Amino acid sequence: MTEHQLTFDASMHSADAIQRAAYRLSDRLSCDLVAEGDTLRCTLHLPPESGDVPSVVADFRNEVLDQTLRERIRNETQEVRNLILALAFSNTGLVDASES
Amino acid sequence: MSKFQAPEAFSPSSASWKLLPFRFERLNSHVLLTNMVGERVAVSESDFAQIADDGLPADSELVRRLRAAQIIMQPDEKAPLELLALKTRTRYRTLPESTGLHIFVVSLRCEHACPYCQVSRQSSDTDRFDMSTETARRALDLTFRSPSQSLKIEFQGGEPLLNFPLIREIVVEAERRNAQLGRDLSFVIATNLALLTDEVLDFCADHDIYISTSLDGPAELHNKNRPRPGRDSWERAVDGIRRVREALGADRVAALMTTTARSLDRVSDIVDCYVEQGLTEIFLRPLSPYGFAVKTKAYSAYGTDRWLAFYEEGLNYILELNRKGVGLTERFAAIILKKMLTNEVPRYVDLVSPSGIGIGALVYNYDGDVYASDEGRMLAEMGDETFRLGNVHTASYADIMLSDSLLQPLEESFAASAPMCSDCAFEPYCGSDPVYHYATTGDFVGRKPLSGFCRRNMGVFKLLIDKYETDPHARAVFLDWAGR
Numbered sequence: 001m002t003e004h005q006l007t008f009d010a011s012m013h014s015a016d017a018i019q020r021a022a023y024r025l026s027d028r029l030s031c032d033l034v035a036e037g038d039t040l041r042c043t044l045h046l047p048p049e050s051g052d053v054p055s056v057v058a059d060f061r062n063e064v065l066d067q068t069l070r071e072r073i074r075n076e077t078q079e080v081r082n083l084i085l086a087l088a089f090s091n092t093g094l095v096d097a098s099e100s
Numbered sequence: 101m102s103k104f105q106a107p108e109a110f111s112p113s114s115a116s117w118k119l120l121p122f123r124f125e126r127l128n129s130h131v132l133l134t135n136m137v138g139e140r141v142a143v144s145e146s147d148f149a150q151i152a153d154d155g156l157p158a159d160s161e162l163v164r165r166l167r168a169a170q171i172i173m174q175p176d177e178k179a180p181l182e183l184l185a186l187k188t189r190t191r192y193r194t195l196p197e198s199t200g201l202h203i204f205v206v207s208l209r210c211e212h213a214c215p216y217c218q219v220s221r222q223s224s225d226t227d228r229f230d231m232s233t234e235t236a237r238r239a240l241d242l243t244f245r246s247p248s249q250s251l252k253i254e255f256q257g258g259e260p261l262l263n264f265p266l267i268r269e270i271v272v273e274a275e276r277r278n279a280q281l282g283r284d285l286s287f288v289i290a291t292n293l294a295l296l297t298d299e300v301l302d303f304c305a306d307h308d309i310y311i312s313t314s315l316d317g318p319a320e321l322h323n324k325n326r327p328r329p330g331r332d333s334w335e336r337a338v339d340g341i342r343r344v345r346e347a348l349g350a351d352r353v354a355a356l357m358t359t360t361a362r363s364l365d366r367v368s369d370i371v372d373c374y375v376e377q378g379l380t381e382i383f384l385r386p387l388s389p390y391g392f393a394v395k396t397k398a399y400s401a402y403g404t405d406r407w408l409a410f411y412e413e414g415l416n417y418i419l420e421l422n423r424k425g426v427g428l429t430e431r432f433a434a435i436i437l438k439k440m441l442t443n444e445v446p447r448y449v450d451l452v453s454p455s456g457i458g459i460g461a462l463v464y465n466y467d468g469d470v471y472a473s474d475e476g477r478m479l480a481e482m483g484d485e486t487f488r489l490g491n492v493h494t495a496s497y498a499d500i501m502l503s504d505s506l507l508q509p510l511e512e513s514f515a516a517s518a519p520m521c522s523d524c525a526f527e528p529y530c531g532s533d534p535v536y537h538y539a540t541t542g543d544f545v546g547r548k549p550l551s552g553f554c555r556r557n558m559g560v561f562k563l564l565i566d567k568y569e570t571d572p573h574a575r576a577v578f579l580d581w582a583g584r
């Protein structure tokens, strides 16, 4: 098992984004995440069958970036998403008016 | 004064674009963006960077594509919200209409001895594994309790023709009940055709019954996969297909193939066999982790990546045949393309979310036990009754549809809230399949990075999108398949 340490600036990345990235790559690595002041310290554990270590670590970094972007899109669009779902299911009979 | 405003009136007023909910996935040559209902736009990495950096101009070809797909909008617009709401409602419109497919296991007996059998059939020398008339009538009571206007009754086994007298009774009784109810009632017999008789054909003709059969490819491959006394399974199957086509019509029979380790290097032979038999559809299916397929290790004989290579080779060959004028549809691709390219919702229970268990299909086993899906029944034959919802002799419709055995896996596996699925650009095309994940991991959700279901579906989605975006011939064929 190979270990690799990464640190992320907590003001730029959330623990949630890093955890989501680790989950996506959980067929190739496992991860310990520790909050230390303004940083998030991430220890990646890579089994021998993971393949080329630098390449897996690069994939993880890129995935953290993508997850951070996904988080931003989710946050920016959450309100409008709820509005669309409310519009979609109003007057369908699927939601009991007496419950709301 | 013109009745129409000048084009400039429709131009965006500023470059202040607002994002609408969308998901993205990086593919080999581009980034795929899907909106809330799965409408997609493929963009280059540099175009995607513009979106991510809030750098979109007031107008450009990219802006128009993103706007058309309701991925961005102007802050003061209302139409994109209303359109997305309408499309979301359309996507889920069939949900209140559960359950459309009712599977009657009229006998677990079978005269075949297939090592990959996923239902753990029984030998055919005893009627202990046949459904009784009383059980069938109670199952029909439940069938007609379903709110769905469209009801399909499918006879399965074992080999259902071993209990053909009961099939006759069920069809006649269902038609009698439906005379007053007026549902769209249809029947399918899933049979290996080895026991097909003129009596069966006449009855199918009189009652408009559709035949679904198994054809694994050329004779030697099929007969090795599907042994029976006389080693003539293939000969009986192709003779049966011919007779059904002649008696009922060419469109009244379809065949399914199952991929075994022996099939992997022979996909073009398998496809050629379907064309030679005059079939216009083929379904390139992997083995599932149930029944004898697990006991005999047939299921573990090849991995998902090997099946994907087999599938890609088969799809390329089918596209080449279409280029030469041979009209053959690959069914799995057609189902996915219908979801990608139209607003239709195919009722294929493996590719829906919420899962199709119970609300898409119910299974009445020969002994009256009711299961949430055919795979749930297969699991029960292996001794695990997790997906047993009750028994037709003791449970009411409400007992069955509100049982924890149904609601818990439905709720837990809902893809829009499952880990990784909730962020996945392919989620609108995919399903949740709690039975597969339970069978392979012990829970209804599974860990998606390790899931063969996820890997297989993602592989096929990427393949289809890549071909659609880069190959004009494949695009034309795919549009044709999606429209069927």
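Residue numbers (our numbering), protein chains in the order written: chain A, 1 to 100; chain B, 101 to 584. We treat Cβ as the ideally placed atom computed from N, Cα and C, and that holds for glycine. Please read all numbers here as calculations on a predicted model, not as lab measurements.
| Asked | Found |
| --- | --- |
| Beta strand (DSSP E) containing residue 490/B: first to last residue? | 488 to 491 |
| Note down, in chain order, every chain A residue with its Cβ under 8 Å from the Cβ of residue 181/B. | 80, 83, 84, 87 |
| Tell me the DSSP secondary structure of residue 526/B in three-state form. | coil |
| So if I threshold CB-CB distances at 9 Å, which residues from the segment 9 to 30 of chain A count as touching chain B? | 20, 23, 24, 25, 26, 27, 28 |
| Who are the near neighbours of residue 431/B in its chain, counting only those whose CB is closer than 6 Å to its CB and skipping five residues on each side? | 381, 383 |
| Find the nearest neighbour of residue 199/B within the set 448/B, 429/B, 546/B, 295/B, judged by alpha-carbon distance. | 448/B |
| Helix, strand or coil for residue 94/A? Go by DSSP, reduced to three states. | Here residue 94/A scores only 48 on pLDDT, less than 50, and its place in the model is too uncertain to base an answer on. |
| Counting C-beta neighbours from all protein chains within 10 Å, is the total for residue 79/A 16 or more, i.e. buried, or is it exposed? | exposed |
| Using a beta-carbon distance cut-off of less than 7 Å, what residues from the segment 177 to 206 of chain B approach chain A? | 181, 182, 184, 185, 188, 189, 196 |
| With 16 other CB atoms within 10 Å as the buried threshold, where does residue 139/B fall? | buried |
| When we look at the beta-carbon of residue 541/B and count the other beta-carbons within 10 Å, is it buried (16 or more) or exposed? | exposed |
| Helix, strand or coil: which one does DSSP assign to residue 535/B? | helix |
| Have a look at the DSSP bridge pairing and note the partners of residue 254/B. | 203/B, 288/B |
| Give the DSSP bridge partners of residue 173/B, in chain order. | 118/B |
| So residue 44/A contacts chain B; which residues on that side make the cut at Cβ distance below 8 Å? | Per Cβ cutoff of 8 Å: no residues; residue 44/A is ~15 Å from chain B at best. |
| Measure the beta-carbon distance from residue 7/A to residue 40/A and round it to whole angstroms, keeping in mind my assumption that it falls under 8 Å. | 7 Å |
| Quick check on residue 41/B: does DSSP put it in helix, strand or coil? | Residue 41/B cannot be examined here, being either before or after the span of chain B that is shown, 101 to 584. |
| Any beta carbon of chain B sitting closer than 9 Å to that of residue 49/A? | no |
| Cβ closer than 7 Å: which chain B residues qualify as neighbours of residue 69/A? | 152 |
| Reducing DSSP to helix, strand and coil, say where residue 99/A ends up. | For residue 99/A, the predicted model reports a pLDDT of 44, less than 50, meaning its position is unreliable; a value from the coordinates is still stated below. Helix, per DSSP. |
| In this structure, how does DSSP classify residue 380/B when only helix, strand and coil are distinguished? | coil |
| List the endpoints of the continuous beta strand (DSSP E) containing residue 4/A. | 2 to 9 |
| When DSSP builds the beta bridges, which residues end up paired with residue 470/B? | 464/B, 490/B |
| What in chain A is Cβ-close to residue 556/B, meaning under 9 Å? | Neighbours of residue 556/B on chain A: none; closest Cβ ~14 Å, over 9 Å. |
| Residue 310/B by DSSP, collapsed to three states: which one? | strand |
| Can you round the beta-carbon distance between residue 317/B and residue 369/B to whole angstroms, since I take them to be within the 8 Å contact cut? | 6 Å |
| In whole angstroms, give me the CA-to-CA distance for residue 483/B and residue 173/B. | 54 Å |
| Whose C-beta lies closer than 6 Å to the C-beta of residue 97/A among residues of the same chain, with five residues either side of it excluded? | Unreliable placement is indicated for residue 97/A, whose pLDDT of 48 sits below 50; the coordinate value is still reported in the next sentence. No residues qualify anywhere along the chain. |
| Please list, in chain order, the chain B residues whose beta carbon lies closer than 9 Å to that of residue 39/A. | Here the premise fails: no neighbours, minimum Cβ distance about 24 Å. |
| I need the boundaries of the alpha helix (DSSP H) containing residue 140/B, first residue and last residue. | Residue 140/B -> not in any alpha helix (DSSP H); beta strand (DSSP E) instead, spanning 140 to 143. |
| Are any of the Cβ atoms in chain B nearer than 9 Å to that of residue 52/A? | no |
| When burial is assigned at 16 or more other CB atoms within 10 Å of the CB, is residue 579/B buried or exposed? | exposed |
| Looking only at DSSP bridge pairs, what is residue 222/B linked to? | 209/B |
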